[in-house]
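*Asks:*
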Amino acid sequence: MGHLDHATYGWLTPVLSYVMACIGAALGLRCTVRALNATGRARRNWLVTAASAIGTGIWTMHFVAMLGFGVTGTEIRYNVPLTILSLVVAVVVVGIGVFAVGYGHDRVRALVLGGLTTGLGVASMHYLGMAALRLHGHVGYDPLLVALSVVIAVVAATAALWAGLNIKSPAAVAVASLVMGGAVSSMHYTGMMAVSVRVAPSSAVLPGATAMQFIFPLAVGLGSYLFLTSAFVALSPSADESEASAAVAPLPEESLAR
6 MGHLDHATYG WLTPVLSYVM ACIGAALGLR CTVRALNATG RARRNWLVTA
56 ASAIGTGIWT MHFVAMLGFG VTGTEIRYNV PLTILSLVVA VVVVGIGVFA
106 VGYGHDRVRA LVLGGLTTGL GVASMHYLGM AALRLHGHVG YDPLLVALSV
156 VIAVVAATAA LWAGLNIKSP AAVAVASLVM GGAVSSMHYT GMMAVSVRVA
206 PSSAVLPGAT AMQFIFPLAV GLGSYLFLTS AFVALSPSAD ESEASAAVAP
256 LPEESLAR
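My numbering puts the first residue of the sequence shown at 6, with every later residue one more than the last.
1) Check whether the region 117-125 touches the region 82-97, taking contact to mean three or more Cβ pairs, one atom from each stretch, closer than 8 Å.
2) I need the straight-line Cα distance from G267 to H11, nearest angstrom please.
3) For A164, name the three-state secondary structure that DSSP assigns.
4) When burial is assigned at 16 or more other CB atoms within 10 Å of the CB, is S22 buried or exposed?
5) So is T234 buried or exposed if we call it buried at 16+ other beta carbons inside 10 Å?
6) Would you mind reading off the limits of the alpha helix (DSSP H) that contains G73?
7) Just to confirm, is the Cβ distance from V160 to G78 under 9 Å?
8) Using the three-state DSSP reduction, which class does H143 fall into: helix, strand or coil?
9) So the candidates are G62, Y14 and V69; which of them puts its Cα closest to the Cα of F221?
10) Express the C-alpha separation of A165 and Y14 in angstroms, rounding to a whole number.
11) Evaluate H8 with the Cβ neighbour count: other Cβ atoms within 10 Å of its Cβ, from every protein chain shown; 16 or more gives buried, anything less gives exposed.
12) Considering S201, what are the terminal residues of the beta strand (DSSP E) in which it resides?
13) Ordered along the chain, which non-local residues of its own chain (more than five positions away) have a Cβ less than 7 Å from that of G228?
14) Take L72 and list the residues in its own chain whose beta-carbon comes closer than 6 Å to its own, dropping the five residues that flank it on each side.
15) Report yes or no: do the region 36-55 and the region 185-205 share at least 3 C-beta pairs separated by less than 8 Å?
16) Buried or exposed: which applies to V225, given that a residue is buried once 16 or more other Cβ atoms fall within 10 Å of its Cβ?
17) Could you tell me which residues DSSP pairs with R82 in its beta bridges?
18) When the Cα atoms are used, what is the spatial distance from M135 to I59?
19) Per DSSP, L150 forms a beta bridge with which residues?
20) Would you call the region 171-178 and the region 138-145 in contact, with 3 or more CB pairs under 8 Å?
21) Apart from the five residues just before and just after L153, which ones in its own chain have a Cβ nearer than 7 Å to its Cβ?
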């Protein structure tokens, strides 16, 4: 059995991955709040932004954490198409859950459906990402820990959607984001604790890309997207601010009278 190291760079990758999960959750919750206060095309656009933020945040969290993953006795490579597919799955299934909540008339039913769909999608993203691993040996899983990780993913997703429906103030969103970041990280590391590797030493060249060749640049790009989108959301006026500005603005007749 190969020795698994989940933090080859010390606390750097666990802390950074947690930060990325929190940023994605915070941005997604803020966009969901904006969506619920909007109508028509604006609601759809905010929900799309929320789905992309949460999905990319979770994916970035997973693969930043994977930068610190190592197995003694073998190198690690990543299958590029499967890795990209895991990103697409994350965004799409989170989008299904967010739109279910954003347009659902029965909020309880929408919350349950959206939480289940999103949680299963997050778990699928994780294990698709793990399926992209290429190493000299065989990867196995503890079924009980896998099941626990899926339960954590569903609970975390449901809690996130509930927060999007019920939490409005920026301070409450910040606290909820810290909790959600912890839940997503817990799901990841629970899933990683389920992993075992039986190394089969070989001199053959592994297919795929190294983490630094592919994962690191992509994670940096997605992280930059999250930061820039966060800035846009923070600077754009909320519905209440827009209404307040409209109320203060002079009417055309008043402007002409002056």
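We put the CB at the ideal spot given by N, CA and C, even for glycine.
*Replies:* In terms of the structure at hand:
1) No, because fewer than three Cβ pairs between the region 117-125 and the region 82-97 fall closer than 8 Å, the two stretches do not touch.
2) As shown, the chain starts at 6 and ends at 263. That puts residue 267 outside it, with no answer to give.
3) Residue state for A164 is assigned as helix, using DSSP reduced to three classes.
4) For S22, the number of other beta carbons within 10 angstroms of its own is at least 16, and it is reported as buried.
5) Buried, since its Cβ has 16 or more Cβ neighbours within 10 Å.
6) Going by DSSP, G73 is part of no alpha helix (DSSP H) at all; its letter is neither H nor E.
7) No, they are not a contact pair.
8) Correct three-state label for H143: strand.
9) Comparing Cα positions, the closest option is V69.
10) Going by the C-alpha atoms only, they are around 30 Å apart.
11) Sixteen is the threshold: since fewer than 16 other Cβ atoms of the shown chains lie within 10 Å of the Cβ of H8, the residue is exposed.
12) Element bounds for S201: V200 to V204.
13) Apart from sequence neighbours up to five positions away, the residues of its chain that approach G228 with a beta-carbon distance below 7 Å are M25 and T65, ordered along the chain.
14) T18 and A216.
15) The region 36-55 makes no contact with the region 185-205, as fewer than three CB pairs between them are under 8 Å.
16) Per the 10 Å Cβ criterion, exposed.
17) In DSSP, R82 forms a bridge with R139.
18) Between M135 and I59, the C-alpha separation is close to 20 Å.
19) Beta-bridge pairing links L150 to no other residue.
20) Because the criterion of three Cβ pairs below 8 Å is not met, the region 171-178 and the region 138-145 do not touch.
21) Closer than 7 Å at Cβ, skipping near neighbours: T195.
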